[in-house]
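Colleague: To convert, count from 1 in the sequence shown and add 13; that's the numbering used here.
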Amino acid sequence: MRATQLLSTVVLAVFAFVATASAGGGKREIVKDKPNPAFAGKIMLSEKRFPTQAPSLAAFNAKVRAQSKTSFYEDKEKKGWKIQVAGFLKAPLNDVEYMVKIYEVGRGPQQLIATIEQYTDMRGQTSLITNIQLEKKTIGVNKQLLMTMEAKGRVLASGRFKILGEGERFNGKVNFSEEEAAGKEE
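(1) Within 10 Å of its beta-carbon, does Asn-49 have 16 or more other beta-carbons around it, so buried, or fewer, so exposed?
(2) Give every residue of the same chain whose Cβ lies closer than 7 angstroms to the Cβ of Ala-53, excluding the five residues on either side of it in the sequence, and list them in chain order.
(3) Mapping DSSP to helix, strand and coil, what is Lys-55?
(4) Classify Gln-138: buried if its beta carbon has 16 or more other beta carbons within 10 angstroms, exposed otherwise.
(5) Alpha carbon to alpha carbon, what distance is there between Pro-64 and Ala-170?
(6) Where does the unbroken alpha helix (DSSP H) through Phe-73 begin, and where does it stop?
(7) Under three-state DSSP, which class holds Glu-192?
(8) Does DSSP put Thr-151 in a helix, in a strand, or in coil?
(9) Determine, using beta-carbon pairs with one atom in the stretch 137 to 156 and one in the stretch 92 to 99, whether at least three such pairs fall under 8 angstroms.
(10) Roughly how many whole angstroms lie between the Cα atoms of Leu-25 and Ser-140?
(11) Please check the pair Gly-178 and Tyr-116, which I expect to be a contact at CB under 8 angstroms, by giving their CB distance rounded to whole angstroms.
(12) Nearest to Lys-114 by CA position, among Met-162, Ala-195 and Asp-108, is which residue?
(13) Can you name the residues that DSSP bridges to Arg-173?
(14) Can you give me the C-alpha to C-alpha distance between Gln-66 and Lys-89, rounded to a whole angstrom?
(15) Between the Cα of Thr-143 and those of Arg-173, Arg-136, Tyr-132 and Ile-152, spot the shortest distance and give me the residue it belongs to.
(16) According to the Cβ coordinates, are Gly-196 and Lys-156 closer than 7 angstroms?
(17) In the DSSP assignment, what residue or residues form a beta bridge with Phe-101?
(18) Can you tell me whether Phe-189 is buried or exposed, with buried defined as 16 or more other CB within 10 angstroms of its CB?
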């Protein structure tokens, strides 16, 4: 009887130790299902690819902060901007499709400039890393923009940035046809 009582005490002690160890160890692990609290609801932008892994959450956050920027200069050869995008969502994505929308916010009321459909390989993701190519002739130049990531009409993340470059140069000369100069209309 004494041996059975001792065995049950040892089993309970081991069970209690395992339960407390797993509860304490869970606090140190990075939980992948929850949004990154440092960037939740934000879109970070860069010219270089964002890291996809790091030794710790703090190291990952430091790398993303150091690499992100808000002003992008035009690639004169390609006449546009290639921007790496990392969206850290407020809540997990419940779909495989999401929309990246770009609005001009610098002048007057907010105006939608571009909508880009994006797809992911699985549901439930809390961060999305992609790249986009913006063309000068469709977007324009020297603008302040707002980018949003939306799913089913709900904004999951947003971020502001500037696209900078050389605008069109005008020489001030205007060429009219003879009919226009005479004031005749067709």
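Ideal Cβ placement from N, Cα and C applies to all residues, glycine included. Note that the structure is a prediction, hence the values are computed from the model and not measured.
Modeller: Taking the structure as given:
(1) What you label residue 49 is simply residue 36 of the sequence shown in a count that begins at 1. Buried, because 16 or more other Cβ atoms sit within 10 Å of the Cβ of Asn-49.
(2) Taking the first residue of the sequence shown as 1, we reach residue 53 at position 40. Phe-101 and Lys-103, listed in sequence order.
(3) For this step, residue 55 is matched to residue 42 along the sequence shown. Reduced to three states, the DSSP call for Lys-55 is strand.
(4) Looking up residue 138 in the sequence shown gives position 125. Under this definition Gln-138 is a buried residue.
(5) As a position in the sequence shown, residue 170 is number 157, starting the count at 1. As a position in the sequence shown, residue 64 is number 51, starting the count at 1. Cα-Cα distance, rounded: 19 angstroms.
(6) Numbered from 1 along the sequence shown, position 60 holds the residue referred to as residue 73. Residues 70 to 80.
(7) One-based indexing of the sequence shown puts residue 192 at position 179. Of the three classes helix, strand and coil, the one that applies to Glu-192 here is helix, per DSSP.
(8) Counting from one through the sequence shown, the residue named residue 151 turns up at place 138. Thr-151 falls in the helix class under three-state DSSP.
(9) yes
(10) Looking up residue 25 in the sequence shown gives position 12. Looking up residue 140 in the sequence shown gives position 127. Residue placement at Leu-25 is poorly supported in this model, since its pLDDT is 31, which falls under 50; the coordinates still yield a value, given next. Approximately 41 angstroms between the Cα atoms of the pair.
(11) For this step, residue 178 is matched to residue 165 along the sequence shown. For this step, residue 116 is matched to residue 103 along the sequence shown. Actually they do not touch by this definition, with Cβ atoms about 19 angstroms apart.
(12) As a working mapping, residue 114 is identified with position 101 in the sequence shown. Nearest of Met-162, Ala-195 and Asp-108 to Lys-114, Cα basis: Met-162.
(13) Locating residue 173 in the sequence shown gives position 160, where the first residue counts as 1. Answer is Leu-159, bridged to Arg-173.
(14) Sequence index remark: in the sequence shown, residue 66 carries index 53 (1-based). Sequence index remark: in the sequence shown, residue 89 carries index 76 (1-based). Gln-66 and Lys-89: Cα-Cα distance of roughly 32 angstroms.
(15) Working through the sequence shown from its first residue, we reach residue 143 at position 130. Considering only alpha carbons, the answer is Tyr-132.
(16) Here residue 196 is taken as the residue at index 183 of the sequence shown, counted from 1. Here residue 156 is taken as the residue at index 143 of the sequence shown, counted from 1. No, the pair does not count as a contact, with Cβ atoms beyond the cut-off.
(17) Counting from 1 along the sequence shown, the entry for residue 101 is found at position 88. Lys-55 and Ser-140, per the DSSP bridge assignment.
(18) The residue given as residue 189 occupies position 176 in the sequence shown. When all chains shown are included, Phe-189 counts as exposed.
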